[in-house]
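Here the sequence shown is numbered in our numbering, starting from 29 and rising by one per residue.
Cβ coordinates follow ideal geometry from the N, Cα and C atoms, glycine included.
Keep in mind it's a predicted model, so treat the numbers as computed, not measured.
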Amino acid sequence: MAVNAKTLNETEFFYGHKACAGCGGSLAVRIALKVLGENSIAVLPAGCMSAVGFNFPQLCFGNNAIISTFAGTASMLTGVAAGLRAQGITDFHAVGFAGDGGTADIGLQALSGAIDRNDDILYICYDNEAYMNTGIQKSSLTPFGAKTTTTPAGKNIRGNLRPKKNMFEIVAAHGISYAATASVGYLNDFMKKVEKASKIKGTKYIHIIAPCPTGWGVKTDETVDIAREVVDCGLWYLAEYENGQYTLNYRPNQFGDVAAYLQKQTRFKHLTEEDIQTIISSRDTKWEFINQNFH
Ligand SMILES: Cc1ncc(C[n+]2csc(CCOP(=O)(O)OP(=O)(O)O)c2C)c(N)n1
Ligand code: SF4
Ligand SMILES: [Mg+2]
């Protein structure tokens with residue numbers, strides 16, 4: 029039986045951490061480790077999850093966990109897996125939890141190299157759409173229009189001028205063994221993908237949208253709702269890539285209200301009607317691609 033909220037391991041492996049209330053990233057780490065279990069070796073680069081999880085003398089992981097260099101999540105995963113294999117240990121999951129900055133910007137070459145070698149690792153990117161741990165700077169996964177400390181909103185500039193990079197499709201273009209997108213708003217879907225990835229040999233990549241109430245400007249009890257809304261209004265999609273094919277896992281019957289999704293968040297408060305229309309048209313272009321290329 030596939031893992032779900034009812035069958036999930038009751039043991040906590042990410043517990044007592046210092047994340048802000050309502051942190052989507054910590055929910056992603058906690059749930060993934062409950063699926064993978066105690067034989068997981070977690071690798072975390074610089075970012076919120078390592079900052080809140082390793083507070084000497086408290087280690088907030090019930091499994092083995094280590095901090096890597098900011099750029100080196102995937103290389104350290106490769107090393108951990110090789111080291112364990114050399115000792116004859118085969119029953120483990122080398123799993124990385126890196127933020128959007130640590131993945132799509134500084135960690136991209138290490139990840140690309142690991143996929144090229146098809147190293148037997150699971151890389152999970154928790155995407156809160158900015159460099160949160162250092163005070164909300166733009167990354168290449170910050171969406172168009174979002175206000176960050178390096179993409180301010182004022183008279184001349186209305187937040188981030190660039191679109192969000194598509195890491196899922198970049199990783200898929202490598203011909204990776206398995207890749208998926210997810211959202212903390214759809215946890216059963218995420219759990220199934222983590223479980224599936226844990227049984228596949230080679231490099232696995234899961235990209236999960238993990239709202240950050242502090243950086244997005246939403247209430248701490250809105251994290252899961254906003255993570256559902258981004259999928260329901262079509263600005264994010266739940267999909268998999270395997271054996272050279274894309275599969276769409278969930279198709280909203282009718283898209284939710286994009287303006288309502290944006291206006292709930294302080295980071296998008298400044299957007300004009302024209303900006304919102306730009307976001308809607310790029311969503312529609314993306315879905316034309318999905319409709320043509322995904323099963
Ligand atoms: C080489 C290097 N450059 C910069 C930093 C500073 N730094 C630490 S965490 C961080 C932000 C990480 O952002 P992201 O990967 O998106 O994770 P988040 O904090 O959002 O969880 C930065 C820039 C660092 N630790 N090492
Ligand atoms: S700043 Fe955001 S990502 Fe970092 S711990 Fe707080 S809620 Fe989580
Ligand atoms: Mg981030």
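Self-check item: Contact test: Pro241 Cβ vs ligand 2 heavy atom, cutoff 7 angstroms
Solution: By 1-based counting over the sequence shown, the position of residue 241 is 213. Yes, the beta carbon of Pro241 sits closer than 7 angstroms to at least one heavy atom of ligand 2.
Self-check item: CA-to-CA distance, Glu316 to Ser140, given in whole angstroms
Solution: If you number the sequence shown from 1, residue 140 lands on position 112. If you number the sequence shown from 1, residue 316 lands on position 288. So the alpha carbons of these two residues sit roughly 27 angstroms apart.
Quiz prompt | Unbroken stretches of the alpha helix (DSSP H), 4 residues or longer, contained in the segment 40-82 | solution = Runs of the alpha helix (DSSP H) inside the segment 40-82: 52-64, 76-81.
Exercise. Indicate, with yes or no, if ligand 3 has a heavy atom lying under 7 angstroms from the CB of Met160.
Key: Here residue 160 corresponds to residue number 132 of the sequence shown, with the count starting at 1. With a cutoff of 7 angstroms, Met160 counts as near ligand 3, since its C-beta is closer than that to a heavy atom of the ligand.
Quiz item: Is there at least one non-hydrogen atom of ligand 1 closer than 7 angstroms to the beta-carbon of Met104?
Solution: The sequence position of residue 104 within the sequence shown is 76, counting from 1. No, Cβ of Met104 sits at least 7 angstroms from all heavy atoms of ligand 1.
Quiz item: What residues match up with Lys229 in a beta bridge as DSSP calls it?
Solution: In the sequence shown, residue 229 corresponds to position 201, counting from 1. Paired residues: none, contrary to the question.
Quiz item: Short check: CB of Tyr278 to CB of His323, under 8 angstroms?
Solution: Locating residue 278 in the sequence shown gives position 250, counting from the first residue. Locating residue 323 in the sequence shown gives position 295, counting from the first residue. In this structure, His323 does not lie closer than 8 angstroms to Tyr278 by Cβ.
Quiz item: Do you know how far the Cα of Asp260 is from the Cα of Asn281?
Solution: The residue labelled residue 281 in the question sits at position 253 within the sequence shown. The residue labelled residue 260 in the question sits at position 232 within the sequence shown. Distance between the alpha carbons of Asn281 and Asp260: 9 angstroms.
Self-check item: Rounded Cβ spacing between Asp133 and Ser168 (contact assumed at less than 8 angstroms)
Solution: If you number the sequence shown from 1, residue 133 lands on position 105. If you number the sequence shown from 1, residue 168 lands on position 140. In this structure Asp133 touches Ser168 by the C-beta definition: roughly 5 angstroms separates them, less than 8 angstroms.
Quiz item: Which stretch, first to last residue, makes up the alpha helix (DSSP H) that contains Ile254?
Solution: For the purposes of this step, residue 254 is taken as residue 226 along the sequence shown, with counting starting at 1. Start and end: 251-260.
Exercise. Give a single yes or no on whether Ser96 has its beta carbon closer than 7 angstroms to a heavy atom of ligand 4.
Key: No copy of ligand 4 appears in this structure; the ligands present are ligand 1, ligand 2 and ligand 3.
Quiz item: Would you call the segment 172-182 and the segment 202-217 in contact, with 3 or more CB pairs under 8 angstroms?
Solution: Not touching, per the Cβ criterion.
Quiz item: Can you tell which of Lys192, Asn91, Ala33 has its C-alpha closest to the C-alpha of Phe41?
Solution: Within the sequence shown, residue 41 is the residue found at index 13, counting from 1. Of the listed residues, the one whose Cα sits closest to Phe41 is Asn91.
Quiz item: Would Ser309 be called buried (16 or more neighbouring beta carbons within 10 Å of its own) or exposed?
Solution: On the sequence shown, residue 309 is found 281 positions in, with the first residue counted as 1. Within 10 angstroms of the beta-carbon of Ser309 lie fewer than 16 other beta-carbons, which makes it exposed.
Quiz item: Does the pairing of the segment 215-229 with the segment 288-302 give three or more beta-carbon distances under 8 angstroms?
Solution: Proximity of the segment 215-229 to the segment 288-302 falls short of the contact definition, fewer than three beta-carbon pairs being nearer than 8 angstroms.
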